[in-house]
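Protein chains in written order, with our numbering: chain V, 67 to 192; chain S, 15 to 381.
Using N, Cα and C, we set each Cβ at its ideal position, and we do this for glycine too.
Working notes, beginning with the structure itself.
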Amino acid sequence: MSEVKFSKEHEWIILDGDVATIGITQHATEMLGDIVFAELPDKGSNVEKDGTAGVVESTKAASDVYTPVSGEVVDINQAIVDDPAKINEDPEGTAWFFKLKMKDISELDSLMNKEEYDKFAKESSS
Amino acid sequence: MEIKKTSLNKLHQDSQAKFVEFAGYEMPIQYSKGVIEEHKFTRSHAGIFDVSHMGQLFIYGNENLTSDLEKIFPLDLKNLQQNCSKYSFLMNEEAGIYDDLIITKLKDGYLIILNAACKEKDFEILSNILSKKYKMELSNDRALVAIQGPKAVKILNETINEVKNLTFMTGNWFDYNGQKLFVTRSGYTGEDGFEVSILNDLAEEFTKSLIKKGAELIGLGARDTLRLEAGLCLYGHELDLNKTPVEANLKWAISKERLSNGGFVGSDKIINQIKEGAKQIRVGIKPEGRLIAREKTKIFNETELPIGEITSGTFGPSINGPIAMGYVDKEFSKINTKILLEVRGKKHPANICKLPFYKKSYVKGVN
């Protein structure tokens, strides 16, 4: 497995072979508050880097979820659709959003590592 | 313009509030527990709400004032007992709503609680109509603190003796540390509770005493989910200048005594609408599944013709599902009517349903 990478839209991504698992960060869930609704892309659909690939809603507002890389959706996490509160409980673990079969693994290069992201998140929230 | 702060601002900060700007004030949207926990705590225990941004308008006068206010509000104020409160509206001639409010008859006048975003304008409108005949004071030196929930009466009564004797929609002056507080038994959550008008200087200490007895601070986020579950209107969403009280399904707030003779601002339109029926009316809406339909979501009938729009929509923590209110054409306002809501380009099924979504368990007037 690759190291975990992060996007400026507050998604995390980890690669295993050519399949990437994507979710939203702990920092994102703290900004959103209690998540009460999640919508994920259709299995088998193709998503483009930086395009919308889902929606999360808190009690206050709806936010788009973006995909940090392009690929075909090979799996989605139905458990977070059925119980969106799981996203607040374990955003960077069991509450992953979807898995993509990546087209171009070099797309990961432009993303941030943990240290860079933590700095980015701190600056963007202050 | 510089953002205004209430006298509880420091306490909010110390309590890890997340702030938002609301009507020119820096207000807590939530604390560290988050909206859902705060909401549930209010329903099971007692929540404290800083609503000091709201307007507290004192108008002093005698019977002449009562007659003059009857020319403005659709209420039977002559027969309103001292210390009793009524929900009402400030309207224009077309019965469009400038503001919704609570008015309480005092010994020497009236106290009117106004929405924060509307209070300055309301003051201007009322001053013009009353043509400076009466002393009017939009208070700057008083905070307004609400305590709501099943434990509210016990907690508040330990701080303010005898407050438990107030019945729903009545108020009175009470002593607290040598100062006068005005307390009403009312609220905006669907729970039993009180609103306390207190001098700014005493507000923090008073609020801390409630926290010590087990109540917790609750933000505007949960205030919104609580009021929506209780089916209560929020000005700027369900109510505005383009809506009348009849359309808002708030006919009950217009005194029957006033409908026969009118004589208040907007009475012709109201009387006519009650007779003829309004074209659109406010309803409760439950989306199927977990979908949340926010304000401005378009509403369609089953054959996909547009019939209205959502005015508020969120997740109801006590309902454990999505809830909304909106306006639909009268013929689609019956309970259980199937409708469609357009969210992110797709139409999703929903049903017109009865308000409130959440029914409080307390009995009116019981301690």
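Could you check whether the Cβ of residue i sits closer than 7 Å to any Cβ belonging to chain C?
{"i": "residue 99(V)", "result": "The chain inventory of the structure shown lacks chain C, comprising the protein chains V and S."}
Taking the Cβ atom as the reference point for each residue, do residue i and residue j lie within a distance shorter than 7 Å?
{"i": "residue 157(S)", "j": "residue 232(S)", "result": "no"}
{"i": "residue 303(S)", "j": "residue 313(S)", "result": "no"}
{"i": "residue 285(S)", "j": "residue 291(S)", "result": "no"}
{"i": "residue 294(S)", "j": "residue 343(S)", "result": "yes"}
{"i": "residue 120(V)", "j": "residue 105(V)", "result": "yes"}
{"i": "residue 301(S)", "j": "residue 53(S)", "result": "no"}
{"i": "residue 139(V)", "j": "residue 164(V)", "result": "yes"}
{"i": "residue 178(S)", "j": "residue 167(S)", "result": "yes"}
{"i": "residue 122(V)", "j": "residue 101(V)", "result": "yes"}
{"i": "residue 137(V)", "j": "residue 178(V)", "result": "no"}
{"i": "residue 340(S)", "j": "residue 325(S)", "result": "yes"}
{"i": "residue 224(S)", "j": "residue 169(S)", "result": "yes"}
{"i": "residue 165(S)", "j": "residue 59(S)", "result": "yes"}
{"i": "residue 22(S)", "j": "residue 173(S)", "result": "no"}
{"i": "residue 257(S)", "j": "residue 353(S)", "result": "no"}
{"i": "residue 64(S)", "j": "residue 144(S)", "result": "no"}
Under a Cβ-count criterion, where at least 16 other Cβ atoms within 10 Å of its own Cβ denotes burial, should residue i be classed as buried or exposed?
{"i": "residue 183(V)", "result": "buried"}
{"i": "residue 218(S)", "result": "buried"}
{"i": "residue 162(S)", "result": "buried"}
{"i": "residue 188(V)", "result": "exposed"}
{"i": "residue 78(V)", "result": "buried"}
{"i": "residue 369(S)", "result": "buried"}
{"i": "residue 349(S)", "result": "exposed"}
{"i": "residue 20(S)", "result": "buried"}
{"i": "residue 114(S)", "result": "buried"}
{"i": "residue 144(V)", "result": "exposed"}
{"i": "residue 119(S)", "result": "buried"}
{"i": "residue 67(V)", "result": "exposed"}
{"i": "residue 175(S)", "result": "exposed"}
{"i": "residue 319(S)", "result": "exposed"}
{"i": "residue 157(V)", "result": "buried"}
{"i": "residue 377(S)", "result": "Caution applies to residue 377(S), whose pLDDT of 47 falls short of 50 and renders its modelled position unreliable; the value that the coordinates give is listed next. Burial call: exposed."}
{"i": "residue 142(S)", "result": "exposed"}
{"i": "residue 17(S)", "result": "exposed"}
{"i": "residue 44(S)", "result": "buried"}
{"i": "residue 283(S)", "result": "buried"}
{"i": "residue 381(S)", "result": "At residue 381(S) the pLDDT is 41, less than 50, meaning the model places this residue with poor confidence and gives no usable figure here."}
{"i": "residue 363(S)", "result": "exposed"}
{"i": "residue 25(S)", "result": "buried"}
{"i": "residue 61(S)", "result": "buried"}
{"i": "residue 28(S)", "result": "exposed"}
{"i": "residue 360(S)", "result": "exposed"}
{"i": "residue 172(V)", "result": "exposed"}
{"i": "residue 203(S)", "result": "buried"}
{"i": "residue 30(S)", "result": "exposed"}
{"i": "residue 379(S)", "result": "Since pLDDT at residue 379(S) reaches only 47, below the 50 mark, its modelled position is unreliable, and the value read off the structure follows with that caveat. Residue 379(S) comes out exposed."}
{"i": "residue 15(S)", "result": "exposed"}
Going by CA-CA distance only, name the one from the options that's closest to residue i.
{"i": "residue 175(V)", "options": "123(V), 188(V), 163(V), 115(V)", "result": "115(V)"}
{"i": "residue 329(S)", "options": "90(V), 95(V), 68(V), 103(V)", "result": "103(V)"}
{"i": "residue 88(V)", "options": "68(V), 80(V), 151(V)", "result": "80(V)"}
{"i": "residue 101(S)", "options": "88(S), 296(S), 345(S)", "result": "88(S)"}
{"i": "residue 124(S)", "options": "362(S), 140(S), 134(S)", "result": "140(S)"}
{"i": "residue 299(S)", "options": "355(S), 373(S), 269(S), 278(S)", "result": "355(S)"}
{"i": "residue 129(V)", "options": "69(V), 149(V), 94(V), 186(V)", "result": "94(V)"}
{"i": "residue 246(S)", "options": "221(S), 371(S), 34(S)", "result": "371(S)"}
{"i": "residue 133(S)", "options": "338(S), 145(S), 110(S), 104(S)", "result": "104(S)"}
{"i": "residue 306(S)", "options": "289(S), 281(S), 334(S)", "result": "334(S)"}
{"i": "residue 206(S)", "options": "193(S), 278(S), 181(S)", "result": "181(S)"}
{"i": "residue 338(S)", "options": "151(V), 133(V), 125(V)", "result": "125(V)"}
{"i": "residue 209(S)", "options": "78(S), 345(S), 117(S)", "result": "117(S)"}
{"i": "residue 69(V)", "options": "132(V), 180(V), 76(V)", "result": "180(V)"}
{"i": "residue 75(V)", "options": "107(V), 91(V), 83(V), 113(V)", "result": "91(V)"}
{"i": "residue 308(S)", "options": "336(S), 281(S), 317(S)", "result": "336(S)"}
{"i": "residue 159(S)", "options": "230(S), 135(S), 131(S)", "result": "230(S)"}
{"i": "residue 127(S)", "options": "82(S), 138(S), 66(S), 83(S)", "result": "66(S)"}
{"i": "residue 147(S)", "options": "192(S), 78(S), 121(S), 171(S)", "result": "78(S)"}
{"i": "residue 131(S)", "options": "215(S), 357(S), 69(S)", "result": "69(S)"}
{"i": "residue 136(S)", "options": "171(S), 86(S), 92(S), 91(S)", "result": "86(S)"}
{"i": "residue 366(S)", "options": "32(S), 357(S), 296(S)", "result": "296(S)"}
For a minimum of 3 consecutive residues, which ranges assigned as the beta strand (DSSP E) are wholly contained in the segment 232-303 of chain S?
If we require 3 residues or more, the beta strand (DSSP E) runs fully inside the segment 232-303 of chain S come out as 294-301.
Residue ranges of each beta strand (DSSP E) run of no fewer than 3 residues wholly in the segment 90-141 of chain V, ordered along the chain?
For the segment 90-141 of chain V, whole beta strand (DSSP E) runs of length 3 or above, ordered along the chain, are 101-105, 118-124, 128-132.
Report yes or no: do the segment 250-262 of chain S and the segment 65-80 of chain S share at least 3 C-beta pairs separated by less than 8 Å?
Contact between the segment 250-262 of chain S and the segment 65-80 of chain S is absent, because fewer than three Cβ pairs lie under 8 Å.
The segment 37-51 of chain S / the segment 227-241 of chain S touching (three or more Cβ pairs under 8 Å):
Yes, the segment 37-51 of chain S is in contact with the segment 227-241 of chain S.
For the pair the segment 194-204 of chain S and the segment 173-186 of chain S, tell me if three or more CB-CB distances fall below 8 Å.
Here the segment 194-204 of chain S makes contact with the segment 173-186 of chain S; the two share three or more CB pairs at distances below 8 Å.
Decide yes or no for the touch test of the segment 89-99 of chain S against the segment 140-155 of chain S: beta carbon pairs closer than 8 Å, at least 3 of them.
No, because fewer than three Cβ pairs between the segment 89-99 of chain S and the segment 140-155 of chain S fall closer than 8 Å, the two stretches do not touch.
Give the list of continuous beta strand (DSSP E) stretches no shorter than 3 residues that lie fully inside the segment 90-128 of chain S.
Counting only runs of 3 or more, we get 99-105, 111-120, 123-128.
Quick check on the DSSP output: what are the complete beta strand (DSSP E) runs of length 3 or more inside the segment 157-225 of chain S, in order along the chain?
Runs of the beta strand (DSSP E) lying entirely within the segment 157-225 of chain S, each at least 3 residues long, are 185-190, 193-198, 207-213 in chain order.
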